[in-house]
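**Student:** Numbering (my numbering), first residue to last: 5 to 439.
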Ligand code: ATP
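1. Which one of 293, 122, 279 has the shortest CA to CA distance from residue 160?
2. For the segment 101-177, which segments carrying the beta strand (DSSP E) assignment without a break, of at least 3 residues, lie completely within its bounds, in sequence order?
3. Whole angstroms is fine: what's the gap from residue 271's alpha carbon to residue 60's?
4. Suppose the cutoff is 8 Å on Cβ atoms and the five residues either side in sequence are ignored; what does the same chain contact list for residue 134 look like?
5. Mapping the DSSP letters down to three states, classify residue 217 as helix, strand or coil.
6. Please report the residue range of the beta strand (DSSP E) in which residue 288 lies.
7. Using the rule of at least 16 other Cβ atoms within 10 Å of the residue's Cβ for burial, across every protein chain shown, is residue 165 buried or exposed?
8. Look at the Cβ atom of residue 86, then the Cβ atom of residue 127, and state whether they are nearer than 7 Å.
9. Contact defined as beta carbons within less than 8 Å: I believe residue 193 pairs with residue 181. What is the distance between those atoms, to the nearest angstrom?
10. Between residue 13 and residue 106, what straight-line distance do the alpha-carbon atoms span, to the nearest angstrom?
11. Does ligand 1 have even one heavy atom less than 6 Å from the beta-carbon of residue 253?
12. Could you tell me how far apart the beta carbons of residue 297 and residue 208 are, in whole angstroms, since I believe they sit closer than 8 Å?
13. Is any non-hydrogen atom of ligand 1 found closer than 6 Å to the C-beta of residue 273, if you look at the structure I gave you?
14. Buried or exposed for residue 73, please, with buried defined as at least 16 other CB atoms from any protein chain shown within 10 angstroms of its CB.
15. Check residue 4 in the structure and name its three-state DSSP category.
16. Can you grab the Cα-Cα spacing for the pair residue 349 / residue 421, in whole Å?
17. Enumerate in chain order the residues of its own chain whose CB-to-CB distance from residue 28 is below 6 Å, with the five nearest sequence positions on each side excluded.
18. Rounded to the nearest angstrom, how far is the Cβ of residue 406 from that of residue 364, given a contact under 8 Å?
19. Return helix, strand or coil for residue 369, following the three-state DSSP convention.
20. In the DSSP assignment, the beta strand (DSSP E) including residue 238 goes from what residue to what residue?
21. Among 199, 433, 71, 424, which has the Cα closest to the Cα of residue 371?
22. Could you say if the segment 220-233 and the segment 167-185 meet the contact criterion of at least three C-beta pairs nearer than 8 Å?
23. Take the Cβ of residue 109 as the centre, count every other Cβ of all protein chains shown within 10 Å, and call the residue buried at 16 or more, exposed below.
24. So the beta strand (DSSP E) residue 342 belongs to, where does it begin and stop?
25. Return the bridge partner residues of residue 387 from the DSSP annotation.
26. Can you pull the DSSP bridge partners for residue 330?
27. Taking DSSP as the reference, what is the three-state secondary structure of residue 98?
28. Would you kindly check if the distance between the Cβ of residue 301 and the Cβ of residue 203 is under 7 Å?
29. To which residues of the same chain is residue 343 closer than 8 Å at the C-beta, ignoring the five residues directly before and after it?
30. According to DSSP, is residue 298 helix, strand or coil?
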């Protein structure tokens with residue numbers, strides 16, 4: 005197990021253009037972060053892998069991309085307008101505000117150490133805005149605080165169009181907004197973030213435990229696929245007295261982040277609470293009965309996935325007395341599948357050949373592989389740069405290449421090199437990708 009600090013992660017992310025502070029030239033904005041070229045590549049690969057695993061490879065799932073702004077009645081029916089809140093307290097000494105349930109056990113102010121707070125007030129986490137030019141109550145809309153509700157609201161559309169048999173699910177990836185009282189810990193808790201959520205609908209009489217366990221196993225299998233360290237993940241069975249009133253069982257999948265063990269994902273059995281709220285039913289063609297399906301909800305945060313993946317992948321070792329920082333990212337989510345270098349940067353024939361090799365390795369849509377190209381500095385430095393961003397393989401074009409069409413391929417993890425023929429290089433990557 006690697007023990008990476010937040011400083012190491014944040015510094016790597018900034019240095020290499022994965023993630024940097026949002027609006028930085030104007031002093032930033034309350035823990036908002038922007039994903040740079042490598043960050044967006046990593047994030048997109050994680051989302052793509054999720055979509056492929058949970059939507060495209062299954063026959064019982066329907067994808068959705070609903071509008072982010074929804075009718076206010078959605079949030080009234082779901083209960084969010086009245087109850088989606090956290091207990092807000094203020095330190096009487098320094099006037100900092102906190103979530104009461106997140107105070108340290110000794111109940112001291114995290115800012116000044118005093119122990120006197122105001123009474124907790126329920127603070128609604130939904131961000132409000134107004135649609136249209138008039139800022140009046142009738143025009144209030146909320147930025148959605150979760151992607152989940154759209155899947156209940158559009159339940160009828162899916163059922164009417166596709167007549168799916170129970171059990172089936174709806175899945176969505178998209179932005180969500182919460183006016184968090186204390187955002188922080190880098191991208192762990194922000195006010196704008198992305199979720200990947202599934203609502204899985206089952207027959208009311210069916211044993212929900214079976215589906216619950218299946219989803220837990222599916223979540224774990226996917227986490228492994230994207231390289232989340234299994235030794236750092238733990239299932240927290242949410243105690244009965246802390247469950248939401250509609251939930252019979254919730255598991256928080258926690259991760260040992262550098263700042264402590266915290267929720268990464270959630271899995272909840274929600275009964276018929278949501279569809280009942282929205283007065284939705286399902287007509288069972290076989291029994292000719294109208295039923296309100298029950299719901300199992302696996303819920304994933306995109307930014308927390310990125311953070312857990314980076315914390316799992318971060319490695320430091322020493323080669324010939326020099327420190328090497330590298331990311332042990334699985335090839336399927338690494339920003340680049342490979343890199344190509346010309347041995348020397350001042351030999352046009354090597355550069356031209358290397359560009360040719362890069363083109364060949366990239367292939368074309370829909371089998372396109374992003375391949376990096378680097379000709380600056382010496383080869384050792386180029387390897388280090390690719391190691392640091394998790395590129396699994398580096399190919400080098402040298403003078404022998406010009407004679408026999410072979411190139412060297414160097415493995416990020418073992419740092420071993422071998423020579424292969426160019427015509428085999430793309431196949432080499434395809435095989436590695438399937439491993
Ligand atoms: P927490 O207890 O940490 O506030 P939650 O239990 O309210 O989280 P859910 O409502 O279950 O979170 O949201 C589902 C998922 O969305 C979480 O497991 C997490 O991955 C992600 N998520 C929730 N809030 C945030 C946030 N403010 N910033 C980033 N990701 C978030």
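Backbone N, C-alpha and C fix where the C-beta goes; we use that ideal spot for every residue, glycine too.
**Tutor:** Put simply:
1. Position 156 of the chain shown, counting from 1, holds the residue named residue 160. Checking every option, the nearest Cα to that of residue 160 belongs to 279.
2. 101-103, 125-128, 131-134, 144-147
3. Locating residue 271 in the chain shown gives position 267, where the first residue counts as 1. Locating residue 60 in the chain shown gives position 56, where the first residue counts as 1. Approximately 21 Å, taken between the alpha carbons.
4. Position 130 of the chain shown, counted from the first residue, corresponds to residue 134. These residues qualify, in order along the chain: 140, 143, 144, 145.
5. Position 213 of the chain shown, counted from the start, is the residue given in the question as residue 217. Helix, per DSSP.
6. Translated into positions along the chain shown, residue 288 becomes position 284. Looking at the DSSP string, the run of the beta strand (DSSP E) that includes residue 288 is 286-288.
7. In the chain shown, residue 165 corresponds to position 161, counting from 1. Classification for residue 165: exposed.
8. Residue mapping note: residue 86 aligns to position 82 of the chain shown, counting from 1. Residue mapping note: residue 127 aligns to position 123 of the chain shown, counting from 1. No; because the gap between Cβ atoms is not below 7 Å, this pair is not in contact.
9. The count along the chain shown starts at 1 and reaches residue 193 at position 189. The count along the chain shown starts at 1 and reaches residue 181 at position 177. Between residue 181 and residue 193 the Cβ distance is about 13 Å, and since that is not below 8 Å, they are no contact.
10. By 1-based counting over the chain shown, the position of residue 13 is 9. By 1-based counting over the chain shown, the position of residue 106 is 102. Cα-Cα distance, rounded: 24 Å.
11. One-based indexing of the chain shown puts residue 253 at position 249. No, Cβ of residue 253 sits at least 6 Å from all heavy atoms of ligand 1.
12. Here residue 297 corresponds to residue number 293 of the chain shown, with the count starting at 1. Here residue 208 corresponds to residue number 204 of the chain shown, with the count starting at 1. Yes, residue 297 and residue 208 are in contact; Cβ-Cβ is about 7 Å, under 8 Å.
13. The count along the chain shown starts at 1 and reaches residue 273 at position 269. For ligand 1, not one heavy atom lies less than 6 Å from the Cβ of residue 273.
14. The sequence position of residue 73 within the chain shown is 69, counting from 1. Per the 10 Å Cβ criterion, exposed.
15. Look at the range of the chain in this structure, 5 to 439, and you will see that residue 4 is not part of it.
16. Taking the first residue of the chain shown as position 1, residue 349 is located at position 345. Taking the first residue of the chain shown as position 1, residue 421 is located at position 417. Taking the straight line joining both Cα atoms gives about 20 Å.
17. Residue numbering aside, residue 28 sits at position 24 when the chain shown is read from its first letter. There are no such residues.
18. For the purposes of this step, residue 406 is taken as residue 402 along the chain shown, with counting starting at 1. For the purposes of this step, residue 364 is taken as residue 360 along the chain shown, with counting starting at 1. Actually they do not touch by this definition, with Cβ atoms about 15 Å apart.
19. What you label residue 369 is simply residue 365 of the chain shown in a count that begins at 1. Coil.
20. Locating residue 238 in the chain shown gives position 234, counting from the first residue. Looking at the DSSP string, the run of the beta strand (DSSP E) that includes residue 238 is 237-241.
21. As a first step, residue 371 must be located in the chain shown, where it is residue number 367. Answer by Cα proximity: 433.
22. no
23. Indexing the chain shown from 1 puts residue 109 at position 105. Per the 10 Å Cβ criterion, exposed.
24. For the purposes of this step, residue 342 is taken as the residue at position 338 of the chain shown. Its beta strand (DSSP E) spans residues 342-346.
25. Counting from one through the chain shown, the residue named residue 387 turns up at place 383. Answer by DSSP bridge pairing: none, since residue 387 is not bridged.
26. In the chain shown, the residue the question calls residue 330 occupies position 326. In the DSSP output, where bridge partners are listed per residue, residue 330 has 319.
27. Taking the chain shown and counting its residues from 1, one reaches residue 98 at position 94. In the structure shown, residue 98 sits in coil (DSSP, three-state: anything other than H, G, I, E or B).
28. Within the chain shown, residue 203 is the residue found at index 199, counting from 1. Within the chain shown, residue 301 is the residue found at index 297, counting from 1. Yes; because the gap between Cβ atoms is below 7 Å, this pair is in contact.
29. Residue 343 sits at position 339 when you count from the first residue of the chain shown. Hits under 8 Å: 375, 376, 377, 378, 386, 390, 395, 397, 398, 399.
30. Reading the chain shown from its first residue, position 294 is the one you call residue 298. Residue state, collapsed to three classes: strand.
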